[in-house]
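The opening residue of the sequence shown carries number 29 in the working numbering; numbering runs sequentially from there.
Even glycine gets a Cβ: it sits at the ideal position worked out from N, Cα and C.
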Amino acid sequence: MKAAVKIVVLCFLALIVSCKEKGPTQADLYEINMRENAQKVSDYAWKLRTQKEEAYNDFINSLSLQEKIGQLFIVNLAGNQTFIPVEQLDDSNFQNKALIPGGYLFFGFNLAETPKEIMGFTSSINSYCIDNSKIPPFLAIDHEGGVVNRLKSINAKLISCQEVAEKLSVEEAYKLYELQADQLYELGFTMNLAPVTEACTKDNKDFLGDRSFGSLENVIKYSKECINSYQKNKIAAIVKHFPGNTNTDPHTGLPLIKAEGEKLEELLAPFKALIAESPVGILMSHAIVDSVDKGVPSCLSKIWVTKILRDEYGYNGIIFSDDIFMAALAKNGYPEEKAVVLALEAGIDCIMVSEKRIIKSVRILEKKAQEDKAFEERINESLKRIIDCKLKCGLLEYQKTGDGKLKISGKKMTESLDERLKNFNTAKEENQAFNKEHL
């Protein structure tokens, strides 16, 4: 019996030795290959991430303090045909000293008579920035629909938010905004200061009019479709106006919201809910809410901007001020030189200015940053959000250099005006057919 066991053991050992001599099985080879490929992918990802970090840091470090500060403004621009910068940086080290802000907001007088002319103008902004190594700006417009519609003679008709909620299902609303996004994109816009995400109440209906989707329920569900439709079609959505408004027009006076407890929570509910949709930006109102921060306009309030919107609600996108030249601030103790500092200290990332010139404000902020290290860090924090957004939106991109490294550069528009016009007309015709069927 023992002899038989010995023979079996010897045969088993011989079999193992034989298998080893034959080498690894097909399954072994497959596993080895998979591990090698996984390691290569991991090594490449690590190398790419390292290269991107180096390129990012090099890019940020290449900017002067005035250039960094300029990125924290969205301003009006001159003309409607060919782009010409109107201001210069103070730094003499630059061959081209043009001051290009973070974004431009188009008013009616910036819009030419035809789609192709508008496309030519937006293309000239992009070309100027690429040719002169400047950071391409956001090109923004207030395109809500209804009365707030500067493109009503260009795009297919866009009805007001109130009409959208009354006449269209959420699926139909998504389609409508998708077609509008296509038209905006082909015209050259990258950002829409919409939708208004304030529920309509007796306290604000005179000011909002048909700009709101109406009830709290409608505001949340239709705003969700609007945000997603624009952003999935290359147009950044900026919801507004947090934390709300009253019947006082901020263009002429300072709104005072008299709300607390449950009433205040209901006012804030749409914004709180819609943060989950990751809107690119949230635009602050000028309204004062004494129950939260007594006597301080919301866009200048660290409690509203940082403590509530940023920390409590967890919003990590770009926070915009409303126009600091509105009477709500300018005529109530907050002139430009005071408002710009308070806005950044509150946590605002991008300051809206309805004027064309900002060098005065840039110099004020530059001096403050040179004297206060914490304030300089506050600038850098907002700058990072702006640059990250421009990379995500395709205004900036990583490009390979001759030595195989990466650098960040402005992204050039590649489609011809004729191609863009063709795409625009297709979207416009489809939008007109949609309107005919559903409206």
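| query | Which residues bound the alpha helix (DSSP H) around Lys401? | reply | Within the sequence shown, residue 401 is the residue found at index 373, counting from 1. Lys401 -> alpha helix (DSSP H) spans 401-421.
| Spatial neighbours of Gln54 in its chain, beta-carbon cut-off 7 Å, leaving aside the 5 residues before and after | Translated into positions along the sequence shown, residue 54 becomes position 26. Excluding residues within five positions, none has a Cβ falling inside 7 Å.
| said: Determine whether the beta carbon atoms of Gly375 and Val333 lie at a separation below 8 Å. | reply: Here the question's residue 375 lines up with position 347 in the sequence shown. Here the question's residue 333 lines up with position 305 in the sequence shown. Cβ atoms of Gly375 and Val333: closer than 8 Å.
| task | Any chance you could list the beta strand (DSSP E) runs of at least 3 consecutive residues sitting entirely within the stretch 275-350, in chain order? | result | 309-312, 346-348
| said: Once DSSP output is grouped into helix, strand and coil, what is the label at Ala455? | reply: As a position in the sequence shown, residue 455 is number 427, starting the count at 1. Helix, per DSSP.
| message | Give me the DSSP bridge partner(s) of Ile153. | response | Here residue 153 corresponds to residue number 125 of the sequence shown, with the count starting at 1. According to DSSP, residue pairing for Ile153 in a beta bridge does not occur.
| query | Which of helix, strand or coil does DSSP assign to Cys378? | reply | Position 350 of the sequence shown holds residue 378. DSSP places Cys378 in strand when its eight states are reduced to three.
| With 16 as the cutoff for other CB atoms within 10 Å, does Leu117 come out buried or exposed? | One-based indexing of the sequence shown puts residue 117 at position 89. Buried.
| query | Does DSSP put Met219 in a helix, in a strand, or in coil? | reply | For the purposes of this step, residue 219 is identified with residue 191 of the sequence shown, where counting begins at 1. Residue state, collapsed to three classes: strand.
| query | When DSSP builds the beta bridges, which residues end up paired with Phe270? | reply | The count along the sequence shown starts at 1 and reaches residue 270 at position 242. Met312, per the DSSP bridge assignment.
| Simplified DSSP state of Gln94, which is helix, strand or coil | For this step, residue 94 is matched to residue 66 along the sequence shown. Gln94: helix per DSSP, three-state reduction.
| request: Grab me the residues of Glu457's own chain with a C-beta within less than 6 Å of its C-beta, minus the 5 sequence neighbours each way, in chain order. | output: Taking the first residue of the sequence shown as position 1, residue 457 is located at position 429. So no residue of the chain qualifies.
| message | Tell me the DSSP secondary structure of Leu467 in three-state form. | response | Here residue 467 corresponds to residue number 439 of the sequence shown, with the count starting at 1. Leu467: coil per DSSP, three-state reduction.
| request: Could you tell me the boundaries of the alpha helix (DSSP H) in which Tyr258 lies? | output: Start at 1 with the first residue of the sequence shown, and residue 258 comes out as number 230. First-last of the alpha helix (DSSP H) with Tyr258: 244-259.
| message | Using only the alpha-carbon positions, how far apart do Gln9 and Glu206 sit? | response | Outside the shown range of the chain (29 to 467) lies residue 9, about which nothing can therefore be said.
| query | Using the beta-carbon count (16 or more within 10 Å), is Val176 buried or exposed? | reply | Numbered from its first residue, the sequence shown carries residue 176 at position 148. Its Cβ being crowded by 16 or more others within 10 Å, Val176 is buried.
| message | Would Tyr473 and Lys291 qualify as a contact pair, given that the criterion is a beta-carbon distance under 8 Å? | response | No answer is possible for residue 473: the residues shown for the chain start at 29 and end at 467.
| Do you know how far the Cα of Arg406 is from the Cα of Lys395? | Counting from 1 along the sequence shown, the entry for residue 395 is found at position 367. Counting from 1 along the sequence shown, the entry for residue 406 is found at position 378. The straight-line gap from Cα to Cα measures roughly 14 Å.
| message | Can you list, in chain order, the residues of its chain with a C-beta nearer than 6 Å to that of Leu186? Leave out the 5 residues immediately preceding and following it. | response | As a working note, residue 186 is residue 158 in the sequence shown. Same-chain partners within the cutoff: Gly173, Asn177, Gln208.
| said: Pairs of beta-carbons, one from the stretch 127-135 and one from the stretch 426-436, closer than 8 Å: are there three or more? | reply: The answer is no - the stretch 426-436 does not touch the stretch 127-135, with fewer than three Cβ pairs under 8 Å.
| query | Using the C-alpha atoms, what's the distance from Tyr58 back to Phe40? | reply | Indexing the sequence shown from 1 puts residue 40 at position 12. Indexing the sequence shown from 1 puts residue 58 at position 30. With a pLDDT of 45 at Phe40, under the threshold of 50, the modelled position of that residue is not reliable, and the figure given next carries that caveat. Distance from the CA atom of Phe40 to the CA atom of Tyr58, rounded to whole angstroms, is 26 Å.
| request: For Ala83, count neighbouring C-beta atoms within 10 Å of its own C-beta (all shown protein chains included) and say buried if the count is 16 or more, exposed if not. | output: Taking the sequence shown and counting its residues from 1, one reaches residue 83 at position 55. By the 10 Å Cβ count, Ala83 comes out buried.
| query | Between Ile88 and Phe149, what straight-line distance do the alpha-carbon atoms span, to the nearest angstrom? | reply | Here residue 88 refers to the residue found at position 60 when the sequence shown is read from its first residue. Here residue 149 refers to the residue found at position 121 when the sequence shown is read from its first residue. Cα to Cα, Ile88 sits roughly 28 Å from Phe149.
| task | Could you check what DSSP says for Ala264 in three-state terms: helix, strand or coil? | result | As a first step, residue 264 is located in the sequence shown; it is residue number 236 there, counting from the start. The answer is strand: DSSP assigns Ala264 an E or B state.
| request: Please state whether DSSP places Ile102 in a helix, a strand or coil. | output: By one-based count along the sequence shown, residue 102 stands at place 74. Residue state, collapsed to three classes: strand.
| query | In the structure shown, what three-state DSSP assignment does Val37 receive? | reply | One-based indexing of the sequence shown puts residue 37 at position 9. Interpretation of Val37 is limited by its pLDDT of 45, a score under 50 that renders its predicted location unreliable; no figure is taken from the coordinates.
| field | Bridge-paired residues (DSSP) for Val176 | value | Here residue 176 is taken as the residue at index 148 of the sequence shown, counted from 1. Answer is Gly173, bridged to Val176.
| query | What is the rounded straight-line gap between the Cα of Ser70 and the Cα of Pro307? | reply | Locating residue 70 in the sequence shown gives position 42, where the first residue counts as 1. Locating residue 307 in the sequence shown gives position 279, where the first residue counts as 1. Ser70 and Pro307 have their alpha carbons spaced roughly 32 Å apart.
| query | Nearest to Ser437 by alpha carbon, out of Ser444, Leu445, Leu424, Ala287? | reply | Within the sequence shown, the letter at position 409 stands for residue 437. Cα-wise, what sits closest to Ser437 is Leu424.
| Between Lys252 and the rest of its own chain, which residues show a CB-CB distance below 6 Å, the 5 nearest in sequence each way excluded? | Residue mapping note: residue 252 aligns to position 224 of the sequence shown, counting from 1. For Lys252, the CB contacts under 6 Å within the same chain, skipping 5 residues up- and downstream, are Glu305 in chain order.
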